[in-house]
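Here the sequence shown is numbered in my numbering, starting from 1 and rising by one per residue. Note that CB positions come from ideal geometry on N, CA and C, so glycine has one too. Keep in mind the model is a prediction, meaning the values are calculated, not measured. Shown next, in structure tokens, is the structure this report addresses.
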Amino acid sequence: MTNLAAVMTALETIQIQERPEPEPGPSEAVVAIRAVGVCGSDVSFFRYGRIGPYVVEGDFILGHEVSGEVVAVGQGVTNVVPGDRVAIEPSVPDWTCAQCRAGRYHLCPNLRFLATPPVDGALVQRLAIDARTLFVMPESMTFEEGAIVEPLSVGLWGCQRAGLRPGDDVLVTGAGPVGLLAAEAARALGARTVTITDVVEPRLELAGKHGFDTELSGSGSGSSRSFDVLLECSGAPGVLADGLARLGPAGRAAVIGIAKQNADLPLHTLNWNEITISMVSRYQNTWPLGIALISSGRVDLSGVHTHSFPLAQTADALAIGATDPTAVKAIIYPQDA
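What follows is the structure in structure tokens.
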């Protein structure tokens with residue numbers, strides 16, 4: 001039996017190669033990967049070979065939004081059994097450092113994260129991984145929905161970092177997949193209203209279909225409205241400062257989108273209003289909640305999964321966002337080689 005993987009061998013180049021058949025070590029499980037969502041970080045590694053300090057060197061496997069089916073378990077594994085359908089949290093901490101012992105495993109200095117160099121990702125037919133990162137899905141959930149738990153978790157953690165409370169009015173800047181899912185998370189957690197801004201009209205159209213208020217950035221629409229919470233998901237220049245200016249007294253912000261530049265902020269105004277700004281690094285303990293929200297229908301994923309690709313067309317999946325303005329979330333199916 002072959003174990004095929006989509007391997008990035010050079011910038012914007014994918015080859016299908018065979019990888020060794022994985023065996024589960026102690027506390028590990030082998031998962032047959034069923035669905036892998038394409039993330040903006042995958043696209044950045046594919047196009048540019050790096051994100052900040054993380055640089056691709058040599059052959060590399062992308063993909064960290066992932067679900068699958070357990071096919072084998074190692075010694076000591078009790079939370080899953082072969083046949084379980086699972087959503088996979090792509091973070092594997094060392095479980096022993098000071099951050100892990102304090103409950104902040106997502107800040108572990110030795111964290112191994114799928115598809116972050118030098119750790120290969122999940123665009124492979126079978127993968128051995130720490131079983132503690134596996135969360136069983138109900139039969140009502142699809143593998144596609146299981147893969148989307150990862151970007152939803154980014155939004156859920158952003159809401160927690162912003163201290164979102166029921167009844168808050170929330171502004172989400174950036175209507176890409178993470179922004180849309182952050183808005184869904186905010187509504188599920190009790191936001192009174194959610195408004196999404198973007199410069200791309202098709203994205204705002206989808207947000208409107210999800211029942212959110214929308215604003216075309218730069219149009220001046222709704223610019224005087226005040227909010228309790230800002231979820232900045234774009235990472236675009238100037239957006240954070242503009243969003244902070246729209247927070248009322250004691251407003252809270254979570255910076256979710258990774259900016260490529262320093263931010264020039266009006267600290268005097270932020271000081272007077274006691275605005276709180278929290279940074280977001282991935283997520284912590286969000287998979288059970290994400291699965292519950294999706295399986296119960298509290299989070300609406302309609303229109304999020306727009307494109308499907310077999311493993312052999314991974315390069316096309318990574319490029320679709322730049323060629324099709326209707327693309328939201330492409331999903332790759334490793335078992336369809």
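Query	Result
Compute the Euclidean distance between the alpha carbons of residue 305 and residue 102, then round it to the nearest angstrom.	36 Å
Is DSSP giving residue 329 helix, strand or coil here?	strand
Considering Cα atoms alone, identify which of 318, 157, 322 and 147 is closest to residue 7.	318
Could you give the distance in angstroms between the alpha-carbon of residue 309 and the alpha-carbon of residue 261?	33 Å
Using the Cβ count rule (16 or more neighbours within 10 Å means buried), how would you classify residue 252?	buried
Assign residue 143 to one of three DSSP states: helix, strand, or coil.	helix
Report the residue ranges of all beta strand (DSSP E) runs contained in full by the region 127–208; include only those spanning at least 3 residues, in chain order.	134–136, 169–173 and 193–198
Apart from the five residues on each side of it in sequence, which residues of its chain come closer than 6 Å, Cβ to Cβ, to residue 9?	15 and 59
Count the other CB atoms within 10 Å of the CB of residue 48; is the residue buried (16 or more) or exposed (fewer)?	exposed
Take residue 130 and list the residues in its own chain whose beta-carbon comes closer than 7 Å to its own, dropping the five residues that flank it on each side.	27, 28 and 92
How long is the line joining the alpha carbons of residue 302 and residue 73, rounded to whole angstroms?	34 Å
Quick check on residue 248: does DSSP put it in helix, strand or coil?	strand
Any contact between the region 222–233 and the region 137–146? By contact I mean 3 or more CB pairs, one from each, below 8 Å.	no
Between which two residues does the alpha helix (DSSP H) containing residue 288 stretch?	287–296
Are the CB atoms of residue 83 and residue 70 nearer to each other than 8 Å?	yes
Confirm, please, whether the CB-CB distance from residue 106 to residue 282 is below 8 Å.	yes
In this structure, how does DSSP classify residue 103 when only helix, strand and coil are distinguished?	coil
Please list the segments of the beta strand (DSSP E) lying wholly inside the region 20–101, counting only runs of 3 or more residues, in order along the chain.	28–37, 65–73 and 85–88
How far does the beta strand (DSSP E) with residue 5 in it extend, from its first residue to its last?	4–10
Buried or exposed: which applies to residue 168, given that a residue is buried once 16 or more other Cβ atoms fall within 10 Å of its Cβ?	buried
Tell me where the beta strand (DSSP E) around residue 16 begins and ends.	13–18
Which residue wins for smallest C-alpha separation from residue 329, given the options 31, 120 and 38?	38
Go through its chain and collect everything with a Cβ distance to residue 133's Cβ below 8 Å, but skip five positions before and after it.	88, 89, 90, 91 and 92
Roughly how many angstroms lie between the CA atoms of residue 126 and residue 204, to the nearest whole one?	37 Å
Looking only at DSSP bridge pairs, what is residue 279 linked to?	255
Confirm, please, whether the CB-CB distance from residue 191 to residue 152 is below 8 Å.	no
Indicate the three-state DSSP secondary structure (helix, strand or coil) for residue 304 in the structure shown.	coil
What residues match up with residue 227 in a beta bridge as DSSP calls it?	247
Buried or exposed for residue 313, please, with buried defined as at least 16 other CB atoms from any protein chain shown within 10 angstroms of its CB.	buried
Helix, strand or coil: how does DSSP classify residue 216 here?	strand
When DSSP builds the beta bridges, which residues end up paired with residue 310?	333
Distance check for residue 280 and residue 287, CA to CA, integer angstroms please.	16 Å
So does the region 178–188 actually touch the region 269–280, counting three or more Cβ pairs closer than 8 Å?	no
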